[in-house]
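Okay, so the sequence shown: first residue is 2 according to the working numbering, each after it adds one.
What follows is a short report on a single structure.
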Amino acid sequence: MKFDRFVGLATLGLFLAACGGNGGSDSSSKLIEDWADKVAEDPSTQTSTELKDAYWGYAQALYSGSTADADTNPQNVQAASRYLLSDSSLDVASLLNYIIYSALDPYFESTVSAPQLSHTKPLVELVVSALAKQKKVNNKGQQKASSDAFPCYFSGSVSVDGNLDDNGTGTVSIEFSSCMEFYGTADGSAVVRIDVMEQDEYSSTFYYNKVNLNIEDVEHWEVTGYSSENYSLLRDESDVGLLLTNLYSGEQYLENIERTVVVDSYGYASRALMTGDISIGSIGKLSIATYFQASDEQTDAYTSFEFDGSGSSIATLEVGVDRVKFLLDADGNGEAENGLLYEDLYDFYVSDLSNVQLVPIAQLSFSPRVYGVWVSGSSNLSTLDSIVVDGDYYDPDTPHSELEAHYEWTLNGEVLTQFTSDTLPPGTAVYGDSLQVRLAVFDGYNTGYSEPLDIELVDSPLEVTLSDVPEWVAAGEQVSFSVVLYDADTRDTTQLQPILAYGPEGTDITSDGAVEWTAAAQLFNSTKVHFGFMLEDGGEVTDVVVNVRSADAAMPIARSGIEVPYSDRSTHVGNFLVADGMEIITTDNKQRLFALKTDEDSGVYQAWMYPYSISESSGDNIVQVALANLDDDESSEILVATPDGLYVIWDEYSLATRILTMADGSDSIMGFAVADADNNGGVEIALLSGGWSGARKLTVYSLLETATEVFDVTLSDTTEEIIFSNVDADPALELITNDGFVYDGATWQNQWFYGAGFGREFVAAGDINGDGLEEIIGGSSWGDIKVYSLATKQTIATLENFNTCSLLAENVDNDSADELLVGDCQWGNISAYSEVNGNLISEWSINTQGHGAKGIAVGDIDSDDEMEVMWGTGQGSSGADHFVIVDVLPQPVIKGADSDLAQLDSFMTAGWANITPDEHKAVFIVPTTNSDYDGQRLVYMDENGRYTVSQQISDNWQGGRFGVITDFDKNGYDDIFLATAELYDGGFKAMDLETLSVAWEVSGGNNVGLVDAFDVDGDSYMDAVYLDGTTIRFVNIYDEVLLGSVTADSSVNDIALTKTGDGTTYLAIASSTELSFYSSDGTGFTFLSKTTSNGCMRIGFYDATDTPTLVCSARSGSSFYAENTDIISYSIVDGSFSEISRFEVNGEITDFVLNQSAGTLLAGVAEETGEGYYETYYMAEYSLANKAILWSSSPLLGRVQFRSIKYVSDANSKLMFSTQHAMYLLQ
């Protein structure tokens, strides 16, 4: 016998989801206590009729809600049908019955599906489980009585008392005690009576005596009454008399329903009837009658639920396959006059019917389906923001264009009738208000509503009105500006009195917000000084920035070694620096812009480098560099193009000034040309702009006092390069493009459009045949080089060249004609050609010295009255890059010392050193050179930026990066403790800086990381401290004695050492998992305490005279991917950590040092810009007491390296640090 046959026709048709019932309380005169006594009698001595009467009478007595006939309005019918027809939130009895069926399964070795026949499912499952436990205890086939208690599956217990005979019939009592089975927990008693248990016939009744059922703390019910079912093969009947009380809401449902389903031979429900009453406590009683209408194809099948209540009106809920109709017969004449239409029962259940208007039957249509409403854009909104929302809706039978949608805004319970659009203006709602919005959609007859969306506003930032804040101020100038604060959340425009939260020393502020400060000289010559204003101590702070340029502060000295250009027309020879002679001005076409000079002793050296990123965004690379005399003085100025603008640097002491800006969202600058095209004494700048693809724009500006646009034209995407040159007989220059356009530089009229183009990538011009007119030369990366005459508009010469990287025409040998210089790509040559009788004749050729050639330039760099040719090579390979200079006459010869031409890959800082007692220099570490192909070197830099590079110290494949300057033997000559490596074996060396002789070393398999110097044993000689894997070792180098070691629990981020006034040495270790703290008396280290690390990446001790304080920088929230940094301070008392301060700063702190005298932290910062695509790098100083930034520098050339900042704060403060792209020195 299979229990799934006992389920009847539970899955047939929509009707079978509705199986509960209701009855009136005709026994209200009986006392509840009498009925309680009645149901407590022994069920085995009572007939089924007596049990039903008792339990139904008890249910009616317990019902305390309304028994009056209810109105048949849509809301009441919705509530009744949702209870009777839904198998979701009120499916309680169905779960009860399922439990019972499942529990009986062990008696018949079968499995049963959920019947979905009532609203007591959880409790039925518990009853069934209880019967199953009884069966497992009794021997098979011996269903003797038992009153033992058995544990439930999850918790609690159940007792079963009674018998089922060999036919599976009988009466069983069940008692639950906090019994948790499946997903319900039950307390109380139930009775199961099975009268018939046959193959094709089944009859049973379930009785519930105030069973308390908690369904996962989501629903909580009390169930009283009975539910019976009589099933045969072609007929299924049920009778239900139940009271369900929702213990959360207090609502009661009293149902008395009889049901009959007749099934045809194919298993389809051919007729279904449901009659009875349903009483809902807050509504009253409705009678229900149901008929199931089916067609042969089952396509137009529907179930009619007829509800009868007060008055003569009758409501019908007609549930079809693809629609649900609510129909109201107001006068009871059998014809419905008005109604509503829905897509399905769910649509009907969830609709807001509180103010719904019925429509005539002839106009019946679906109500619009409104799926929801949401905030567009950021949800972090304040009263200062416009609140914009959007929603989604659909109507099955009305075109979207005919729907009328509007938004209903509700503020603190009041509907804002004046606002019906998707936008609420700023200032309408403030922080703390209750704000809701819902979307209403009208189709001409019906209105659909979304669920209301609650919008919570954040506390708005203080509104700040600033007056007279200067864009820039010079050090020493009096700064005066005013600050006015308003709090928009108060709906009050009264000016608030600001308080200075932080700011530079000497700042005064009056009660009305007048601020005065005499701008002091800053460490950097370009500094953003920060002022913080608040309304009350500890309140929200508004930051104000004043840009200070310190004329007395020298431009930071920055050096990078020799780099090479990666594009043409970015190398030039001229006089830019104050010093005598000519310089090579060039770039790496990333961030670095620098000047090279030559002398007999050093060969080629880097004499100057612009220390800041040209653009405020460190992600903007340099597109092109040019030299031009813009002010008619003796020196030239540098013009620099980045994708977003054009800048001028007036001299080596000046900051870059933007003179042209690309509009937001416009194309990027691709290149430019500069010349006095019309011979008027001014300068014209031709700017080529475009995107990755598509048209290019060519714009010409006249630069006198300001940049004024004089010409523009749109060109195709084949325009790649532009130049100015005089290629005709008039005095004006011509503007020439690679793809065949020539424009007159005075009239800007087109003089020639050569449709085939001069060259795919390159264009140059020069008088290479000595006829007094310059020729146009065009070339392609792959293809011929051709020479053109504007006078004849013909090709006059062609040169086959395999792979071209650069073209330039200049006079390099002091004869009457220019030479065409061609730089090969790959492994090729630099070759010089002259045009003779239509042929390009080679005059000389020399190997490029590397892979490719870019940025060919010509000039007299050594002031010998003869031209040199120079270029960059190596750009096309992974090997070293080289900057090559060649003396042309009498034969091409490479010049320049090779040592300083070494490519320095990246930088670390060792410190200031007395190389000899009289030679004081800054020492930097270069971990690898020549594009990682060569090893570690040291750089010695003097106060003017002149530097020398040491011989290779180690090949450093293992990547030793750290070192520190110290005079460990106290001989007056400084030494270096240095992490080194040979191949894959790390090591450590103590070396003399002058001779690089090794005093002590360890090597062979060690992975040496951090390096420091500290007098651990108190003998006044500095000892070596270095990290070997996860072990910190302490070595007395002078005496060659190991003083001790400490091993961390995991990878080490940083270490810090300090000595207190009593001579005790303290060690802090920040590992990936914890901060640990040790002390030493000079003979070893003793563990004191530890705490979670909070993600500390850099640590340092502050004010360790008596009680040490440890300062840590960690990614905010201890998340490695956080954009900002927490600065955390710990006090260490009696060896234990205690956090005393924490504040968040913008960006990632990559390194810091503590200024002990000022109570500040000087840090390198990397901050995301450009929506996270790039980072901007700068130095900044933070006040630990005020928890605020004091100043920040202009953007630097790369990320400040970890443990690279060295700072001396005294009357002659000096600072040195390293980025991955440059060495910095300030003093």
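We put the CB at the ideal spot given by N, CA and C, even for glycine.
Boundaries (first-last residue) of the beta strand (DSSP E) holding E34: Looking at the DSSP string, E34 is not in any beta strand (DSSP E); the run it does join, the alpha helix (DSSP H), is I33 to V40.
Cα-Cα separation between D569 and T588, rounded to whole angstroms: D569 and T588 have their alpha carbons spaced roughly 10 angstroms apart.
Cβ neighbours of I857 in the same chain (closer than 6 angstroms, five flanking residues each side left out): Around I857: S807, L809, L822, G824 and W872.
Three-state class that DSSP yields for Y432 in the structure shown: It is coil, neither helix nor strand.
Beta-ladder partner(s) of N915, from DSSP: Secondary-structure assignment with DSSP links N915 through a beta bridge to H921.
Rounded distance between the beta-carbons of E801 and V788, thought under 8 angstroms: Between E801 and V788 the Cβ distance is about 13 angstroms, and since that is not below 8 angstroms, they are no contact.
Where Y59 falls: helix, strand or coil (DSSP): In this structure, Y59 counts as helix in the three-state DSSP scheme.
Proximity below 9 angstroms, CB of V728 to CB of V743: Yes, these two residues count as a Cβ contact at 9 angstroms.
Buried versus exposed call for S1219 [16 or more other C-beta atoms within 10 Å across all chains shown]: S1219 counts as buried, since no fewer than 16 other beta carbons sit within 10 angstroms of its beta carbon.
Touching by the beta-carbon criterion (3+ pairs, under 8 angstroms), the stretch 357-374 and the stretch 389-399: By the C-beta criterion, the stretch 357-374 is judged to be in contact with the stretch 389-399, since at least 3 inter-stretch pairs fall below 8 angstroms.
Three-pair Cβ contact test at 8 angstroms for the stretch 42-53 versus the stretch 191-210: Output reads yes: the stretch 191-210 touches the stretch 42-53.
Anticipated Cβ contact below 8 angstroms, D330 with E338, distance rounded: Correct: roughly 7 angstroms between the Cβ atoms.
Classification of I786 by the beta-carbon crowding that lies within 10 angstroms, buried from 16 upward: Result: buried.
DSSP-derived helix/strand/coil call for R83: In the structure shown, the three-state DSSP call for R83 is helix.
Environment of P152 [buried if 16+ CB atoms lie within 10 Å]: By the 16-neighbour rule on beta-carbons within 10 angstroms, P152 is exposed.
Three-state class that DSSP yields for V813 in the structure shown: Three-state result, V813: coil.
Alpha-carbon to alpha-carbon, D35 and A41: If you draw a straight line from the Cα of A41 to the Cα of D35, it comes to about 10 angstroms.
Alpha-carbon spacing of Y606 relative to L939, whole angstroms: Cα to Cα, Y606 sits roughly 16 angstroms from L939.
Own chain, CB closer than 6 angstroms to G771, minus 5 neighbours either side, in chain order: Only S817 and A818 meet the Cβ criterion.
Start-to-end residues for the alpha helix (DSSP H) that takes in Y1022: Y1022 -> no alpha helix (DSSP H), and no H or E assigned at all.
Spatial distance of E335 from S179 (CA atoms): The residue asked about is misnamed: residue 335 is Gly in this sequence, not Glu. Taking the straight line from one Cα to the other gives about 51 angstroms.
Neighbourhood of K1207 by C-beta distance below 6 angstroms, restricted to the same chain and skipping five residues each side: Around K1207: T910, G912 and M1217.
Cα-Cα separation, A982 to N957: The alpha-carbon atoms of A982 and N957 are separated by roughly 4 angstroms.
Any 3 or more C-beta pairs closer than 8 angstroms across the stretch 521-541 and the stretch 842-860: Output reads no: the stretch 842-860 does not touch the stretch 521-541.
S288 (DSSP reduced to helix, strand or coil): S288 falls in the strand class under three-state DSSP.
Among S82, D544, G987 and S190, nearest to M275 - alpha-carbon criterion: Among S82, D544, G987 and S190, the Cα nearest to that of M275 is on S82.
T1126 versus G433: straight-line alpha-carbon distance, rounded: C-alpha separation (whole angstroms): 30 angstroms.
Pair within 9 angstroms by beta-carbon distance, I650 and L594: If you check the CB distance, I650 and L594 come in under 9 angstroms.
Counted within 10 angstroms of its Cβ, other Cβ atoms place Q523 as buried (16 or more) or exposed: Taking all protein chains shown into account, Q523 has 16 or more neighbouring C-beta atoms within 10 Å of its C-beta and is therefore buried.
Limits of the unbroken beta strand (DSSP E) element including L905: Segment: none, L905 is in no beta strand (DSSP E) and carries neither H nor E.
Residue(s) in a DSSP beta bridge with I769: Paired residues: none, contrary to the question.
Opposing strand residues paired with I862 [DSSP bridges]: Beta-bridge partners of I862 (DSSP): none assigned.
Backbone secondary structure at T421 - three-state DSSP: Shown here, T421 sits in coil according to DSSP, grouped into three states, outside any helix or strand.
For F349, the three-state DSSP class (helix, strand or coil): DSSP places F349 in helix when its eight states are reduced to three.
Per DSSP, cross-strand counterpart(s) of S690: Answer is I670 and K698.
N1213 to T709 span [Cα, whole Å]: Those two C-alpha atoms are separated by around 46 angstroms.
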